[in-house]
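Peer 1:
Chains as they are written, first to last, in our numbering: chain A, 1 to 119; chain B, 120 to 614.
(1) Measure the alpha-carbon distance for residue 214 of chain B versus residue 147 of chain B and round it to whole angstroms.
(2) What is the rounded straight-line gap between the Cα of residue 221 of chain B and the Cα of residue 52 of chain A?
(3) Are residue 401 of chain B and residue 603 of chain B touching if we call contact CB-CB under 8 Å?
(4) Beta carbons nearer than 9 Å to chain A: which residues of the stretch 254 to 276 of chain B have them?
(5) For residue 97 of chain A, which residues in chain B fall below 8 Å Cβ to Cβ?
(6) State buried or exposed for residue 313 of chain B, treating a residue as buried only when at least 16 other CB atoms are found within 10 Å of its CB.
(7) So for residue 178 of chain B, helix, strand or coil by DSSP?
(8) List, in order along the chain, the chain B residues whose C-beta lies closer than 7 Å to that of residue 79 of chain A?
(9) Which residues in chain A sit within 8 Å of residue 290 of chain B, going by Cβ to Cβ distance?
(10) Can you check the stretch 152 to 222 of chain B for any beta strand (DSSP E) of at least 3 residues that lies completely inside it and give the ranges in chain order?
(11) Quick check on DSSP: helix, strand or coil for residue 592 of chain B?
(12) Please tell me whether residue 150 of chain B and residue 238 of chain B are closer than 8 Å, where the distance is taken between their beta carbons.
(13) Going along chain A in order, which residues have a C-beta closer than 8 Å to the C-beta of residue 252 of chain B?
(14) Does any residue of chain B have a CB that is nearer than 8 Å to the CB of residue 29 of chain A?
(15) Do residue 518 of chain B and the ligand HEM come close, with the Cβ less than 7 Å from some heavy atom?
(16) In three-state terms, what does DSSP make of residue 421 of chain B?
(17) Output yes or no for whether 8 Å exceeds the beta carbon distance between residue 137 of chain B and residue 242 of chain B.
(18) From what residue to what residue does the alpha helix (DSSP H) around residue 557 of chain B run?
(19) I want to know whether the stretch 32 to 46 of chain A touches the stretch 80 to 95 of chain A - three or more CB-CB distances under 8 Å.
(20) Can you tell me which of B/414, B/558, B/330, B/526 puts its alpha carbon nearest to the alpha carbon of residue 545 of chain B?
(21) Under 8 Å between beta-carbons, which chain B residues line up against residue 32 of chain A? List them in chain order, please.
(22) Going by Cα to Cα distance, which pick from B/187, B/165, B/174 is closest to residue 308 of chain B?
(23) 8 Å is my cut-off, CB to CB: does residue 87 of chain A come that close to chain B?
(24) Alpha carbon to alpha carbon, what distance is there between residue 319 of chain B and residue 610 of chain B?
(25) Should the stretch 87 to 106 of chain A be called in touch with the stretch 197 to 205 of chain B, which here means at least 3 C-beta pairs below 8 Å?
(26) Please identify the residue among B/590, B/284, B/291, B/598 whose C-alpha is closest to the C-alpha of residue 265 of chain B.
(27) Could you name the residues of chain A that residue 480 of chain B contacts, counting a contact when the two beta carbons are closer than 8 Å?
(28) Residue 474 of chain B versus chain A: which residues are under 7 Å apart at the beta carbon?
(29) For residue 611 of chain B, which three-state DSSP category applies?
(30) In three-state terms, what does DSSP make of residue 118 of chain A?
(31) Near residue 324 of chain B, what residues of its chain come up, given a Cβ to Cβ distance below 6 Å and the 5 sequence neighbours on each side ignored?
(32) Please compile the residues from chain B whose C-beta is within a distance smaller than 9 Å of the C-beta of residue 102 of chain A.
(33) Cβ closer than 7 Å: which chain B residues qualify as neighbours of residue 90 of chain A?
(34) Quick one, which of B/218, B/228, B/190, B/197 has its alpha-carbon nearest residue 257 of chain B's?
(35) Between B/390, B/130, B/132, B/152, which lies nearest to residue 140 of chain B when the distance is taken from Cα to Cα?
(36) Across the stretch 495 to 513 of chain B and the stretch 531 to 550 of chain B, are there enough close Cβ pairs to call them in contact, namely three or more that are closer than 8 Å?
Listed below in structure tokens is the structure:
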């Protein structure tokens with residue numbers, strides 16, 4: 001396969017790194033969660049790409065279909081999407097609580113507080 | 120129908136009960152149902168363990184779909200042992216829970232205990248399942264429940280700790296998912312036993328190497344192995360005491376189990392220890408963790424945080440046993456996995472008793488408390504002996520086997536390192552004892568009554584278990600050896 005033949009996988013790697021960078025470098029908690037979503041989505045693409053068969057139809061039993069994509073990765077990704085949504089929901093809920101408790105969601109302003117031994 | 124056939128119910132009981140508990144009103148009823156569910160799980164796990172040791176492996180295919188197509192629960196000595204530990208510790212910590220939770224969490228407790236049961240079901244699910252993707256799903260179930268449980272902490276910093284754990288935990292779990300994706304791409308199966316059969320043909324495949332690396336890093340995050348431990352101290356320090364007690368005994372242990380399951384069963388040791396310099400890497404990280412964890416613990420003012428850093432050091436001991444890649448080393452890892460759960464639970468329970476009365480876990484506020492809460496602090500001191508590794512305690516047994524394994528591997532210098540870090544443990548435990556008994560109570564401090572019996576009795580129960588398993592090692596050593604054998608498998612050679 002040529003370099004372009006791996007197009008999906010290049011997208012996976014680039015998306016994954018963008019997401020990972022966001023998680024690490026961004027101080028804003030909502031942006032961190034967005035980065036996390038991007039990071040997870042890239043893994044979903046990895047799974048779906050693995051299930052694709054060139055020239056294959058959708059995996060539904062019907063007349064005239066001999067070659068079809070592997071449905072199992074799709075099912076796995078569906079489950080993983082549900083997990084991802086749950087994590088996003090919990091993360092955003094925590095962000096709201098942090099905003100209420102601290103008045104900010106910038107991690108830079110909060111970093112000192114958590115490692116502080118006093119009070 | 121024997122009790123053995125209820126094996127899947129170890130997971131299903133907490134999972135189903137969590138839905139019921141979420142709807143229950145009031146504060147006592149949810150706790151009671153939770154306790155019953157956890158106890159039922161523990162009883163079944165206790166019945167399953169002897170059977171799993173004597174028989175090859177129990178298998179339960181879900182929905183009657185035969186593996187490798189369906190999801191199966193596959194139980195051998197290794198996971199039966201961990202399942203018994205997790206469900207047993209859950210039942211014991213629940214006995215301790217009511218008073219402590221009452222002082223920290225207000226309003227109805229249905230949702231709180233429902234989340235606890237979800238976390239428990241997730242941890243047990245990870246332990247029992249024989250399906251790689253199922254591990255990920257259960258891992259996320261338990262993690263999500265854990266994040267919210269930590270956020271219940273009274274201190275507002277609990278929210279930050281939970282958020283950071285969420286970010287790091289999710290990255291770790293996603294790494295595991297990437298590893299599983301690579302495995303699926305090259306083998307076309309998700310069943311662990313099936314993977315183990317197909318992987319040897321693919322020794323030279325880069326995707327398999329990447330999969331192993333991703334899985335180890337992902338689980339290293341969950342395990343709080345040294346450079347990936349940053350989430351742990353704050354999460355333990357600011358979570359409600361009951362949650363800390365439960366997590367300290369179970370969460371990292373299950374992560375270690377998953378790592379072992381992948382390294383030894385799925386990839387087989389003659390692959391994982393040869394393809395990656397796993398032995399060296401794990402040994403360096405373990406020793407670094409032992410030293411860094413103990414060192415930082417020596418200077419902590421906040422006692423829960425001190426114990427959390429000590430946990431990082433103890434994870435180092437377990438991983439050190441694994442890195443030796445011998446049967447004795449693996450036995451030591453399993454022994455310490457079990458014994459450390461008992462030790463840390465007892466220590467955190469004692470600190471929880473202090474916090475119940477004084478509302479503070481700081482070293483300065485502990486001064487002179489030894490005479491006012493003698494039972495609590497004696498429990499702390501005795502559990503402290505166990506973490507140091509004094510003979511007749513459970514901590515001694517696991518360190519003994521770790522030393523044996525080191526000598527057997529010809530690495531006598533590891534013995535020296537273990538001794539040095541044990542001395543560091545002497546120091547950080549002694550600081551607490553000195554403050555409690557050898558310092559004067561600050562002038563004008565209000566007298567503090569002894570902790571209530573509802574907290575003291577479970578605490579002393581765990582302390583007693585520490586000494587019981589220090590003297591009678593038939594269960595722990597026997598099960599650890601069987602677990603190590605089960606992981607090393609039939610004829611799977613060591614490097």
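Even for Gly, the Cβ is constructed at its ideal location relative to N, Cα and C.
In this text, all values refer to a predicted model and were calculated from it rather than measured experimentally.
Peer 2: Taking the structure as given:
(1) Each residue's alpha carbon lies about 12 Å from the other.
(2) Counting only the Cα atoms, residue 52 of chain A lies some 54 Å from residue 221 of chain B.
(3) Contact: no.
(4) For the stretch 254 to 276 of chain B, which is checked against every Cβ of chain A, the residues closer than 9 Å are 255, 256, 259, 260, 262, 263, 266, 267, 270, 275, 276.
(5) Ordered by position in chain B, the residues that pass the 8 Å Cβ test against residue 97 of chain A are 270, 278.
(6) Buried, by the Cβ-count rule.
(7) Three-state DSSP puts residue 178 of chain B in a strand.
(8) Residues of chain B passing the Cβ test: 256.
(9) Neighbours of residue 290 of chain B on chain A, chain order: 20, 23, 36, 39.
(10) Unbroken beta strand (DSSP E) runs of no fewer than 3 residues, entirely contained in the stretch 152 to 222 of chain B, are found at 177 to 180, 191 to 194, following chain order.
(11) In the three-state scheme derived from DSSP, where H, G and I count as helix and E and B as strand, residue 592 of chain B is classed as coil.
(12) Not a contact, by the Cβ cut-off of 8 Å.
(13) Within chain A, the residues near residue 252 of chain B are 76, 79.
(14) Closer than 8 Å: yes.
(15) This structure lacks the ligand HEM, and indeed carries no ligand of any kind.
(16) DSSP places residue 421 of chain B in strand when its eight states are reduced to three.
(17) The answer is no: Cβ separation not under 8 Å.
(18) Taken as a continuous stretch (DSSP letters only), residue 557 of chain B belongs to no alpha helix (DSSP H), as it is neither H nor E.
(19) Because the criterion of three Cβ pairs below 8 Å is met, the stretch 32 to 46 of chain A and the stretch 80 to 95 of chain A touch.
(20) For the options B/414, B/558, B/330, B/526, the alpha carbon positioned closest to that of residue 545 of chain B is the one of B/414.
(21) What residue 32 of chain A touches in chain B: 286.
(22) Nearest in C-alpha terms to residue 308 of chain B, of all of B/187, B/165, B/174, is B/187.
(23) Yes, its Cβ sits closer than 8 Å to a Cβ of chain B.
(24) Its pLDDT being 42, under 50, residue 610 of chain B is placed unreliably in this model, and the value from its coordinates should be taken loosely. Computed Cα separation, rounded: 14 Å.
(25) The stretch 87 to 106 of chain A is not in contact with the stretch 197 to 205 of chain B.
(26) Nearest of B/590, B/284, B/291, B/598 to residue 265 of chain B, Cα basis: B/284.
(27) Within 8 Å Cβ-Cβ: nothing; residue 480 of chain B doesn't reach chain A, min ~11 Å.
(28) Chain A residues near residue 474 of chain B: none, gap ~15 Å exceeds 7 Å.
(29) Its pLDDT being 42, under 50, residue 611 of chain B is placed unreliably by the model, and the measurement read from it follows with that caveat. Coil at residue 611 of chain B, not helix or strand.
(30) For residue 118 of chain A, the predicted structure reports a pLDDT of 46, less than 50, and the residue's modelled location is therefore unreliable. A value from the coordinates is still provided. Of the three classes helix, strand and coil, the one that applies to residue 118 of chain A here is coil, per DSSP.
(31) Excluding residues within five positions, the ones whose Cβ falls inside 6 Å are 305.
(32) In chain order: 275, 278, 279.
(33) Within chain B, the residues near residue 90 of chain A are 263, 266, 267, 285.
(34) Checked all of B/218, B/228, B/190, B/197; the closest Cα to residue 257 of chain B is B/190.
(35) Taking residue 140 of chain B as reference, the option from B/390, B/130, B/132, B/152 with the minimal CA-CA separation is B/152.
(36) With the cut-off at 8 Å, the stretch 495 to 513 of chain B and the stretch 531 to 550 of chain B touch.
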